[in-house]
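As structure tokens, the structure follows; a few thoughts come after it.
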Amino acid sequence: MDQVVFVVGATGQQGGAVAARLLADGQRVRALTRDPDSPQSRALAAAGAEVVAGSLEDAAAIDRYVAGAYGVFHVHPGPLAPGRDEAHAGRTVTDSAVKHGVAHLVYSSGLGADRGGQEAKWEVEQYIAASGISATILRPSSFMENLVTQSATVGVRDGALRTAAAPHVRQQFIALDDIAAFAALALADPDEYRGRTLELAGEALTPPEVAAEITAAVGHPVPYLQRPIEELRRISERFAQGYERINSGDGSIPEVDITELRALHPGLMNFRTWLERTGAQQLQPLLEQSARLP
Numbered sequence: 016m017d018q019v020v021f022v023v024g025a026t027g028q029q030g031g032a033v034a035a036r037l038l039a040d041g042q043r044v045r046a047l048t049r050d051p052d053s054p055q056s057r058a059l060a061a062a063g064a065e066v067v068a069g070s071l072e073d074a075a076a077i078d079r080y081v082a083g084a085y086g087v088f089h090v091h092p093g094p095l096a097p098g099r100d101e102a103h104a105g106r107t108v109t110d111s112a113v114k115h116g117v118a119h120l121v122y123s124s125g126l127g128a129d130r131g132g133q134e135a136k137w138e139v140e141q142y143i144a145a146s147g148i149s150a151t152i153l154r155p156s157s158f159m160e161n162l163v164t165q166s167a168t169v170g171v172r173d174g175a176l177r178t179a180a181a182p183h184v185r186q187q188f189i190a191l192d193d194i195a196a197f198a199a200l201a202l203a204d205p206d207e208y209r210g211r212t213l214e215l216a217g218e219a220l221t222p223p224e225v226a227a228e229i230t231a232a233v234g235h236p237v238p239y240l241q242r243p244i245e246e247l248r249r250i251s252e253r254f255a256q257g258y259e260r261i262n263s264g265d266g267s268i269p270e271v272d273i274t275e276l277r278a279l280h281p282g283l284m285n286f287r288t289w290l291e292r293t294g295a296q297q298l299q300p301l302l303e304q305s306a307r308l309p
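Just so we're aligned, residue 16 is where the sequence shown starts under my numbering, counting upward by one.
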């Protein structure tokens, strides 16, 4: 398939993983970024992507870049960009995709978006469904990589794993590379994935189990220390609300059928596999930094 896929958020976590996967598969990628001179943007260009400057708030730019695309991958930073209207951006991308006859749209929403707490994502999902466009909805669970990239709030910090999850609660995780794999599958075979919503996870673990896996991977103890919800709330209300949902066990976060996902994508990683491939290497600098602290 030698057709262009327009990737929104191509220098972010999900968009970056999707762009990298598509490029590795030999796909042409048009990568949207706010800063085409950033190191991430330059790396994409070096890998063969067509890097274009713009934002989801610029409807004219979105319309221009969607034109001529076979497929679109859309993700929004959501709570990481509280000043940006996620629902409006979703409508803008969808409208342009419909206008220009895009063959397939993949939208990355959030796990349990239809059960409350993620109103903007659910609104976008409904808008896409009403538009009639061929589309797949991905609903990823917590990213394994967040234990690295969001260590100031939830992750490995000061030699320990710190999240606000209760020790007995099983939290579902997915690797970014696996989100990208499912996006690539849907874009490659729209007939198979049209109209489907895939809730994504590679494994469900309690916080002590996560800490034990990290300990085994890095070769020294990494204990689990539960972070008080109110302490997290002072940093991010949205993160606090997310962990309240995880801890509540009220059914607002569905249990993912990992066996079914692995049938679609046999390479789906569990947490140990992610650590062996990339995770431990990503976590090591954080642990070394804490070891150097007085």
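Glycine included, C-beta positions come from ideal geometry on N, C-alpha and C.
Three-state secondary structure (DSSP) at residue i?
i	result
VAL139	helix
GLN55	helix
THR168	coil
GLY27	coil
ALA216	coil
LEU308	Note that LEU308 has pLDDT 45, beneath the 50 cutoff, so the model's placement of it is unreliable and the number below is only indicative. Looking at LEU308 - three-state DSSP - the assignment turns out to be coil, as it is neither helix nor strand.
VAL117	coil
GLU275	helix
GLU160	coil
HIS103	helix
GLN133	coil
ARG209	coil
ASP40	coil
ALA10	A question about residue 10 goes unanswered here, because the residues of the chain that appear run from 16 up to 309.
PRO281	coil
ASP192	helix
ASP204	coil
SER267	coil
PRO236	coil
LEU71	coil
Could you give the first and the last residue of the continuous beta strand (DSSP E) run that contains residue i?
i	result
ILE189	186-189
GLN45	It should be pointed out that residue 45 corresponds to Arg in this sequence rather than to Gln. Counting along the chain, the beta strand (DSSP E) containing ARG45 begins and ends at 43-48.
ALA75	Element bounds for ALA75: not the beta strand (DSSP E) but the alpha helix (DSSP H), 74-81.
GLU65	65-68
Where do the N-terminal and C-terminal ends of the alpha helix (DSSP H) with residue i fall, by residue?
i	result
ILE229	222-233
ARG287	286-289
GLN256	252-263
ASP173	Looking at the DSSP string, ASP173 is not in any alpha helix (DSSP H), and its letter there is neither H nor E.
Give the C-beta separation of residue i and residue j to the nearest angstrom, bearing in mind that I take them to be a contact with Cβ-Cβ under 8 angstroms.
i	j	result
ALA167	TYR258	The pair is not a contact, with the Cβ atoms about 15 angstroms apart (cut-off 8 angstroms).
ARG237	ALA175	According to the sequence as given, residue 237 is Val; it is not Arg. Between ALA175 and VAL237 the Cβ distance is about 6 angstroms, and since that is below 8 angstroms, they are a contact.
SER123	ILE194	7 angstroms
ALA219	GLN187	5 angstroms
ARG130	SER267	5 angstroms
VAL87	LEU120	5 angstroms
GLN18	TYR80	With 8 angstroms as the limit, GLN18 and TYR80 do not qualify as a contact, their Cβ atoms being about 14 angstroms apart.
GLN28	GLU160	6 angstroms
ARG211	THR151	5 angstroms
ALA118	SER157	ALA118 to SER157, Cβ: 31 angstroms. No contact.
Give the DSSP bridge partners of residue i, in chain order.
i	result
SER123	LEU153
THR293	Answer by DSSP bridge pairing: none, since THR293 is not bridged.
HIS89	TYR122
GLN241	THR178
PHE197	Its beta-bridge partners do not exist; DSSP assigns none.
VAL22	ALA46 and PHE88
Do residue i and the ligand FAD come close, with the Cβ less than 6 angstroms from some heavy atom?
i	result
GLY69	Because no ligand of any kind appears in the structure shown, any question about the ligand FAD cannot be addressed here.
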